[in-house]
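Quick notes on the structure that follows.
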Amino acid sequence: MKNRKNEGGLERYSCFVKYCFIVFTIVTTCFQLATASDTANPLACYQLSSQPKFNLKKADVIDVIQGKDISVYVLEVGPHIGMSFERKHDIQSMYNPLDSTELAMSYGRIMTLGVLYPTTKEIKKVLMIGLGGGRITSYLSQYMKNTHFTGVELSPEVIKVAQQYFDVKPSEKIKIVESEGWKFLKGSKEKFDLIFLDAYWKEILPEHLKGEAFYKEVKKHLVSGGAVVQNVFNKRYFLSEAEDVMTKLFDHVDIFERGHNFILIGYDGPLKTESEKVTLAETLQKKYDFRYNLKDLFECFFYESIPDAPRKN
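Numbering (the numbering used here), first residue to last: 161 to 473.
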């Protein structure tokens, strides 16, 4: 009898947790729609905000890649394959084997807005520091036919998962480098039109990848007119620091928000107005025909612009 009572209590608790999660999802989505641009399409914003639901404890384990400092779990999450560190942290990346252009994680869709910011005639070279599952690299490479991508990843275990389970293979267009981001930059003279920064380790950004010295090194590797895209996983950890450093080193910083994710994009040169960026988004959308519409992404998730930031260096 006692066991049945306990089971009943657990069921009620489980239902309560599920109910809370549903309510949180609805509230978050409504807030996102409420803060979107007046011209944003509500249905588009909802679809772009949506991502697969997953439960780390209930997901089937496909493989575990054991490393010296970390164990990388490969999980089956419905039709998706997920990557998780130690199976204690969130899903770091998701891939749909039946749909190669799907970006399952909404923050990844927003990061693709980085293509709006380089003022070069063509985006020829893109660097991703923190390859992870390689989804953004793979997605962009399928549409930007004349662009070459370099993905830098510290963990050989993560690279193995990306190549074996996420279909991210080295090719003429995609180069994968096993290296720490700072070390790679110090040892390279190559310059890029666009640099993505998403080098988290167990959901925490390493201290040496936060400081001004690192960002200065990143900027050295931009061509004239290049731009930097920084993912901030949780504003409690890094948002204010990222804002401070990027506004110090770049003329302008645009910020996009989705839930607890903030995407910061730094660029130099004349300030681009919102209307100019929307027009450019329409132009580049026609050029590349991205699955996730650039204009909708901009209008749904644009948070604020920090123009004419005072240079302190």
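For glycine and all other residues, C-beta sits at the position ideal for the given N, C-alpha and C.
Query, Result
"Residue burial classification, Asp-353 (beta-carbon count within 10 angstroms, cutoff 16)", "buried"
"Reference Leu-300, options Ser-315, Leu-314, Glu-313 and Lys-284, closest by Cα", "Lys-284"
"DSSP three-state assignment for Tyr-206, whether helix, strand or coil", "helix"
"Residues near Ile-270 in its chain [Cβ-Cβ closer than 7 Å; skip 5 each side]", "Phe-416, Arg-418, Ile-423, Leu-457 and Phe-461"
"Neighbourhood of Gln-390 by C-beta, 6 Å cutoff - its chain only, sequence neighbours within 5 removed", "Leu-357, Ala-402 and Leu-424"
"Phe-326 and Gly-294 closer than 9 Å at C-beta", "yes"
"Three-state secondary structure (DSSP) of Lys-285", "strand"
"Test item: CB-CB of Tyr-427 and Phe-450 under 9 Å", "no"
"Among Met-288, Ile-336, Pro-316 and Pro-330, the one whose alpha carbon lies nearest that of Ile-230", "Pro-316"
"Ranges of the beta strand (DSSP E) found wholly within the region 196-279, counting only runs of at least 3", "220-226, 231-237, 240-245 and 251-255"
"Identified DSSP bridge partners for Arg-418", "Asn-421"
"Val-318, DSSP secondary structure in three states", "helix"
"DSSP three-state assignment for Leu-357, whether helix, strand or coil", "strand"
"Rounded separation between Ser-120 and Asp-414 - CA only", "Past the edges of the chain, shown from 161 to 473, lies residue 120, and the structure says nothing about it."
"CA nearest to the CA of Met-304, picked from Ser-435, Ile-289, Gly-290 and Lys-333", "Lys-333"
"Three-state secondary structure (DSSP) of Tyr-375", "helix"
"C-alpha gap between Gly-310 and Pro-202, whole angstroms", "The question names Gly, yet the displayed sequence has Thr at residue 310. Going by the C-alpha atoms only, they are around 35 Å apart."
"Beta-carbon proximity check, Leu-287 vs Ile-336, cutoff 9 Å", "no"
"C-alpha gap between Glu-236 and Val-318, whole angstroms", "16 Å"
"Strand pairing of Ser-465, partner residues [DSSP]", "Asp-414"
"Residue nearest to Ala-442 in terms of C-alpha spacing, selected from Leu-431, Pro-430 and Glu-459", "The residue asked about is misnamed: residue 442 is Glu in this sequence, not Ala. The shortest Cα separation from Glu-442 among Leu-431, Pro-430 and Glu-459 belongs to Glu-459."
"Separation of Pro-430 from Thr-272, as counted between CA atoms", "21 Å"
"Start-to-end residues for the alpha helix (DSSP H) that takes in Ser-435", "434-448"
"Per DSSP, the bridge partner or partners of Thr-310", "Leu-287 and Lys-335"
"Contacts around Pro-212, its chain only, beta-carbon distance under 7 Å, and the 5 residues preceding and following it disregarded", "Val-237, Gly-238, His-240, Met-254 and Ala-264"
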